[in-house]
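Data block below; observations after.
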Amino acid sequence: MTTRTDAPTRREQILKEAARLFAERGFHGVGVDEIGAAVGISGPGLYRHFPGKDAMLAELLVGISERLLAGGRLRVTEDAASGDGSPEALLDALIEGHIDFALDDRPLITLHDRELDRLRDTDRKRVRQLQRQYVELWVEVVRALYPLLPESEARATVHAVFGLLNSTPHLGRPGALPGRTATAALLHRLALGAFAAAGGSSSVSASPSGD
């Protein structure tokens, strides 16, 4: 995947600061004026970009769900197009992509946990729909790698791994972590270990008894 190098738009700057402030102080603890000040414009000036805070929250939570699913699908497409891909390589790529999100977009994880219920029903249902599709994409890859793993266990393991990777807001202050590269490598090993444990235990239980 290509890395974006162009500068963020004003709309993206607003969303980034809104996410940070909402995560730090709660949705109702942040005013429009404060978000505007964080990006150098007046509070009322934000209304040229968003009708209000509710719209910002919806775009943040729906937007990240859309980006995660699109990124996962792109990795699957790239793996298929390479002609020499493998389930191992594809799972590695999916884990790497989710770790990038978990390390670089921690405020969005906090927002999802605290504020999802504030969305309108249509937006909340859209988020859930996108998340289910993202999970099923992972389940298919995991079962390709561990074909003896029952679908229900594969899905449970995917959810558990997401919980592991999405724990980054609780890992301590950024300065307390061992560094982005080391943290990413640790999370990657832990995720692979969880899938291997689930797949390995399934293989053992499916093996004939030696007695």
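The C-terminal residue of the sequence shown carries number 212 in the working numbering, and the numbering is unbroken.
Every residue gets a Cβ at the ideal spot worked out from N, C-alpha and C, and that includes glycine.
Endpoints, alpha helix (DSSP H) assigned at residue i
i, result
"residue 162", "152–166"
"residue 34", "33–40"
"residue 106", "No alpha helix (DSSP H) holds residue 106; DSSP gives it neither H nor E."
"residue 66", "54–83"
"residue 135", "122–146"
"residue 117", "Unbroken run through residue 117: none, as it is neither H nor E."
"residue 12", "11–26"
Spatial distance of residue i from residue j (CA atoms)
i, j, result
"residue 136", "residue 43", "40 Å"
"residue 198", "residue 88", "16 Å"
"residue 126", "residue 132", "10 Å"
"residue 180", "residue 157", "30 Å"
"residue 17", "residue 149", "42 Å"
"residue 211", "residue 200", "The predicted model places residue 211 with a pLDDT of 39, which falls under 50 and marks its position as unreliable; any figure quoted below should be read in that light. Roughly 20 Å between the two C-alpha positions."
"residue 185", "residue 191", "10 Å"
"residue 206", "residue 151", "Low confidence applies to residue 206: its pLDDT is 42, below 50, so where it sits in the model is not reliable enough to give any reading."
"residue 107", "residue 20", "9 Å"
Nearest residue (CA-CA) to residue i, options the options
i, options, result
"residue 139", "45, 71, 50, 52", "71"
"residue 167", "32, 98, 36", "98"
"residue 25", "114, 153, 183", "114"
"residue 103", "172, 51, 36, 90", "172"
"residue 170", "127, 189, 29, 110", "110"
"residue 69", "22, 119, 9, 105", "105"
"residue 112", "49, 86, 66", "66"
"residue 54", "46, 38, 33", "33"
Cβ separation of residue i and residue j, assumed to be a contact under 8 Å, to the nearest whole Å
i, j, result
"residue 15", "residue 40", "5 Å"
"residue 92", "residue 146", "6 Å"
"residue 59", "residue 101", "Not really, about 23 Å apart at Cβ, beyond 8 Å."
"residue 63", "residue 95", "About 21 Å separates the two Cβ atoms, so there is no contact after all."
"residue 35", "residue 22", "6 Å"
"residue 183", "residue 161", "Not quite, the Cβ-Cβ distance comes to about 23 Å (not below 8 Å), so this is no contact."
Exposure of residue i, with buried meaning 16 or more beta-carbon neighbours within 10 Å
i, result
"residue 80", "buried"
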